Amino acid sequence: MPAGAAAGVDKPVIEKARSGPCIAPPEVMRREHPDMLKHQRTITVHEGVVNAKVDLEKCVACHASKTTGSVAASPQDFCESCHAYAGVKLDCFECHASRPKQVGDRR
Amino acid sequence: MSSRRAFLGKAAALGGIAVAPGLFLFEPARAKGVTSKVRWGMLVDTTRCAEGCDACVKACDRENGLSGRAGPDDSQWIRKVELKNKSTGRTLSLPVMCQHCAEPPCVDVCPTGASFKRADGIVLVDRHICIGCRYCMMACPYKARSFVHYPLHDQKPDVPRGQGCVESCTLCVQRVDRGEQPACVEACKATGRQALFFGDLNDPQSEISRRMREAGAKQIRPDLQLDTGVRYQGI
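Next up, the structure:
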């Protein structure tokens with residue numbers, strides 16, 4: 001068997017986050033982040049809780065690529081590269097901004 | 108008796124301890140959530156609203172990332188309506204948007220629970236569970252809702268929107284949650300006319316309550332008994 005086949009497809013590119021530690025260890029985040037986000041979205045939208053620990057805007061702010069400025073604009077970007085590897089459709093960013101908030105966005 | 112009382116006292120104390128850690132974990136996140144003590148509303152003073160002025164519409168488009176076009180496929184969260192009474196010739200100009208009803212028909216008809224009213228009276232669409240059936244658009248007597256027909260790009264980080272969902276005025280919920288006024292109200296104030304007022308309808312001391320008390324304010328289609336959060340003065 002050729003070495004390439006044993007290794008399977010290329011591992012996802014995981015670009016280093018911009019700052020500090022994440023809200024949970026990487027192994028927890030890898031497995032739990034969909035549930036965290038799904039749980040939080042209801043609390044935020046229906047109950048108006050903002051600035052919670054789980055916050056998609058904060059994920060994007062930390063994980064946006066330094067080259068594209070986004071988490072899902074290119075196949076190498078943080079969310080996109082892992083989702084492509086896992087074969088899971090990523091539809092958060094059909095509605096949500098995949099780029100961090102800019103200073104001018106507030107007004 | 109006294110020993111029984113002492114026992115009950117201890118049991119209550121133990122119960123308190125058991126509950127306390129749960130409450131402690133629970134409180135900080137929800138403490139910031141909205142409550143029904145507040146009911147957000149808007150007052151439109153039609154005597155100050157100028158014909159041809161669309162500062163509120165432009166501000167809404169800018170704040171929420173709308174295209175600004177008014178075609179059948181475009182989202183419009185607020186629009187200016189010019190009225191003329193044919194018998195007297197009196198003309199009126201006023202903005203119409205989601206009226207944030209206390210008894211919203213859109214919520215009644217929504218089959219998935221995506222249309223909902225927040226505790227503070229703001230009527231919203233949870234796009235995560237909206238299936239785009241558009242029953243709410245049919246049910247709304249104010250034609251306040253729009254459907255997103257095409258994929259969108261570069262949405263505002265604070266205002267997620269996307270294809271296949273119904274949407275309408277959110278009273279700029281993202282600004283209200285930061286303690287600011289809706290974009291239309293701010294823009295109207297900037298024109299110097301100040302025809303729009305935003306505030307807490309439940310607070311009798313708020314400016315909006317005071318104005319409504321002194322000058323009177325009507326609902327559009329009060330016969331429907333929807334108890335709208337947007338009220339009009341001078342119609």
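Chains as they are written, first to last, in the working numbering: chain A, 1 to 107; chain B, 108 to 342. Ideal Cβ positions, reconstructed from N, Cα and C, are used throughout, including at glycine. Treat the numbers as computed from the prediction; the structure is a model and nothing was measured.
In terms of beta-carbon proximity, A:GLY69 stays away from the interface with chain B, with every pair separated by 8 Å or more. Annotation for A:LEU56: the continuous alpha helix (DSSP H) segment containing it runs 56-63. Between B:GLN281 and the set B:PRO267, B:GLY271, B:ALA294, the nearest pair of CA atoms involves B:PRO267. Cβ contact annotation for A:TYR85 (same chain, cutoff 6 Å, sequence separation greater than five): PRO12, in chain order. One alpha carbon belongs to A:ARG41, the other to A:ALA97, and they sit about 15 Å apart. In the three-state reduction of the DSSP assignment, B:LEU201 falls in the strand class.
With respect to B:ALA294, B:CYS163 sits close: the two C-beta atoms are nearer than 8 Å. Looking at B:THR198, B:PHE223, B:VAL151, B:ASP261, the one whose alpha-carbon comes closest to that of B:VAL273 is B:PHE223. With its beta carbon less than 8 Å from one in chain A, B:HIS235 belongs to the interface.
Residue burial annotation: B:ASN171 is buried, with at least 16 other C-beta atoms found within 10 angstroms of its C-beta. Taken in chain order, the unbroken stretches of alpha helix (DSSP H) that lie wholly in the region 199-262 of chain B and span 4 residues or more are 212-216, 242-246. Taking 8 Å as the CB threshold, B:LEU303 stays off the interface with chain A. Separation of the CB atoms of B:ALA226 and B:ILE236 is rounded to 18 Å, and the pair is thereby denied contact status at 8 Å.
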